[in-house]
Amino acid sequence: MSRKARSAGMIFRFWSHMAIMLIIGLPDAAHTQDYPFVGFQEASVPNGNEPALHAGIWYPTLARPQETSLETFTQEVAPGGAIVGQTLPLIVISHGGGGSLASHYDTALALAHAGFVVAAVDHAGDTFGDQRQVLKPWRRPQQLSRLITFVLEAWQDRDRVDPRRIGAFGFSNGGFAVLVAAGGKPDLALIDPYCHDHPAHDLCSALRSAGVSSVAALPVPSDAWRQDDRIKAVAVAAPAFGFTFSAGGLNHVTVPVQLWRAADDRHQPDPWYDEAVRAALPLPPELHVVAGAGHYDFLAPCSAALAKLAPIICIDPNGFDRAEFHRLMNAQLIHFFRSKLK
Numbered sequence: 001m002s003r004k005a006r007s008a009g010m011i012f013r014f015w016s017h018m019a020i021m022l023i024i025g026l027p028d029a030a031h032t033q034d035y036p037f038v039g040f041q042e043a044s045v046p047n048g049n050e051p052a053l054h055a056g057i058w059y060p061t062l063a064r065p066q067e068t069s070l071e072t073f074t075q076e077v078a079p080g081g082a083i084v085g086q087t088l089p090l091i092v093i094s095h096g097g098g099g100s101l102a103s104h105y106d107t108a109l110a111l112a113h114a115g116f117v118v119a120a121v122d123h124a125g126d127t128f129g130d131q132r133q134v135l136k137p138w139r140r141p142q143q144l145s146r147l148i149t150f151v152l153e154a155w156q157d158r159d160r161v162d163p164r165r166i167g168a169f170g171f172s173n174g175g176f177a178v179l180v181a182a183g184g185k186p187d188l189a190l191i192d193p194y195c196h197d198h199p200a201h202d203l204c205s206a207l208r209s210a211g212v213s214s215v216a217a218l219p220v221p222s223d224a225w226r227q228d229d230r231i232k233a234v235a236v237a238a239p240a241f242g243f244t245f246s247a248g249g250l251n252h253v254t255v256p257v258q259l260w261r262a263a264d265d266r267h268q269p270d271p272w273y274d275e276a277v278r279a280a281l282p283l284p285p286e287l288h289v290v291a292g293a294g295h296y297d298f299l300a301p302c303s304a305a306l307a308k309l310a311p312i313i314c315i316d317p318n319g320f321d322r323a324e325f326h327r328l329m330n331a332q333l334i335h336f337f338r339s340k341l342k
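If you're matching positions, the sequence shown starts at 1 in the UniProt record's numbering and goes up one per residue.
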């Protein structure tokens, strides 16, 4: 046999060996494997004495996908397809104020393709169809914890989830919820002086529109800010109420944090939100400042139907390429959660 043939044979055997190892699993293969398709299920999550929460769950599958409607979006998923993989990490998603479980569906799809189980919930009382409880922000982290409990204890494929590897992603009000769930303790009494100094900011104008002159009298429960020790890493985009975490409010957030800021965020302007969170964290976060991005660019790229219904969250007047940004952001989220949830 010629040297060239022997060399070709060695190369073939090397790659054959690598392919076999990928199939049977390298020591960390379950943490880094990509999957061709995504399954999707809707679920009802127990919510104490209130009606059940509506949730969506994305996960790896080998079942063939189809175009499936999700609110105003269309996603390529296999509804009810059989899950594939073992000891899969879990990521829970908390949407922004007035949003829904579909708000970050593209990120959920990307994470599920990367081998994560992803669960998102409609936050009762703070969705596009019901904002009657928006002034009770402590409800959101409680609902997020109930979602985790459901996936770990009641979901039909709970035995496929690794309870030691749980992360959370949140945007705006969801970013606040994720920080609280990770150990943050905000001081809502700081909202009144903030609005006195910044009456034109979105939060303050929204409070006035709702007829709220002061939040100091809000009946905050004694156990409002409860940490969920099951969460081991968090990614936070444009977190709401960032300034309320001053004076040690984030001292107990010791899990890894990935923090995203839109450089052109006119709804939650710097330095009172993202920068306030960065400064209050006891450990430096992995910080991403996105040039040219506005507040709503962290939402999934809009469908034509959504752009017609809610142009304010869909139109990028500065020409920012939201679709390309999401490809990059989702890749960074996958890398972060893979590296931190080992």
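Glycine residues also receive a C-beta, built at the ideal position from the N, C-alpha and C atoms.
Asked, Found
"Please tell me whether, using a cut-off of 8 angstroms, the distance from the CB of D106 to the nearest non-hydrogen atom of the ligand PLP is below it.", "Among the components modelled here there is no ligand, and therefore nothing to report on the ligand PLP."
"Would you report the Cα separation of D122 and P51, rounded to the nearest angstrom?", "12 angstroms"
"Go through its chain and collect everything with a Cβ distance to Q33's Cβ below 6 angstroms, but skip five positions before and after it.", "G115"
"Am I right that R165 and P89 are in contact with their C-beta atoms under 8 angstroms? What's the rounded C-beta distance?", "4 angstroms"
"What residue range does the beta strand (DSSP E) around E153 cover?", "Premise fails: E153 lies in the alpha helix (DSSP H), 139-153, not in any beta strand (DSSP E)."
"Measuring alpha carbon to alpha carbon, tell me which of S209, R132, L299 ends up nearest N330.", "L299"
"Roughly how many whole angstroms lie between the Cα atoms of R139 and G174?", "11 angstroms"
"Suppose the cutoff is 6 angstroms on Cβ atoms and the five residues either side in sequence are ignored; what does the same chain contact list for H252 look like?", "G183"
"Going by the beta-carbon positions, is the gap between P239 and F176 smaller than 9 angstroms?", "yes"
"What do you get for Q86, buried or exposed, if any count of 16 or more other CB atoms within 10 angstroms of its CB means buried?", "exposed"
"Return the first residue and the last residue of the alpha helix (DSSP H) that E71 is part of.", "Element bounds for E71: n/a, residue is neither H nor E."
"Around the Cβ of L333, are there at least 16 other Cβ atoms within 10 angstroms (buried) or fewer (exposed)?", "buried"
"According to DSSP, R261 sits in a beta bridge with which residue or residues?", "V289"
"Taking just the CA atoms, how far does P219 sit from V77?", "42 angstroms"
"By how many angstroms is the C-alpha of G167 removed from the C-alpha of T254?", "13 angstroms"
"Kindly indicate the opening and closing residues of the alpha helix (DSSP H) around I231.", "First-last for I231: undefined, no H or E at that position."
"Is it buried or exposed for D297, if we count other Cβ within 10 angstroms and need 16 for buried?", "buried"
"Where does P316 sit, in a helix, a strand or coil, going by DSSP?", "The sequence shown places Asp at residue 316, not Pro. In the structure shown, D316 sits in coil (DSSP, three-state: anything other than H, G, I, E or B)."
"Output yes or no for whether 9 angstroms exceeds the beta carbon distance between S178 and D192.", "The sequence given here places Val at residue 178; Ser does not occur at that position. No, the Cβ-Cβ distance between V178 and D192 is not below 9 angstroms."
"In the structure shown, what three-state DSSP assignment does M1 receive?", "Reliability fails at M1, whose pLDDT of 46 lies under 50, so the model's placement of it is uncertain and no value is given."
"Tell me which residues share the same chain as V180 and place their Cβ nearer than 6 angstroms to its Cβ, disregarding the 5 neighbours each side in the sequence.", "P141, W225"
"If you follow the beta strand (DSSP E) that F37 is in, where does it begin and where does it stop?", "37-47"
"Helix, strand or coil, according to DSSP, for A168 in the structure here?", "strand"
"Please classify H196 as buried or exposed, where buried requires at least 16 other C-beta atoms within 10 Å of its C-beta.", "exposed"
"With DSSP collapsed to three states, give me the class of S205.", "helix"
"Which first and last residues belong to the alpha helix (DSSP H) in which G174 is found?", "173-181"
"Take every Cβ of the segment 51-69, pair it with every Cβ of the segment 257-266, and state whether three or more of those distances are shorter than 8 angstroms.", "no"
"Among D223, V236, T149, V38, which one has its Cα closest to the Cα of A110?", "V38"
"Does H252 come out as helix, strand or coil in the three-state DSSP assignment?", "coil"
"So Y105 is in the alpha helix (DSSP H); what residue range does that whole segment cover?", "105-113"
"Is it the case that the Cβ atoms of F171 and S94 are separated by a distance below 9 angstroms?", "yes"
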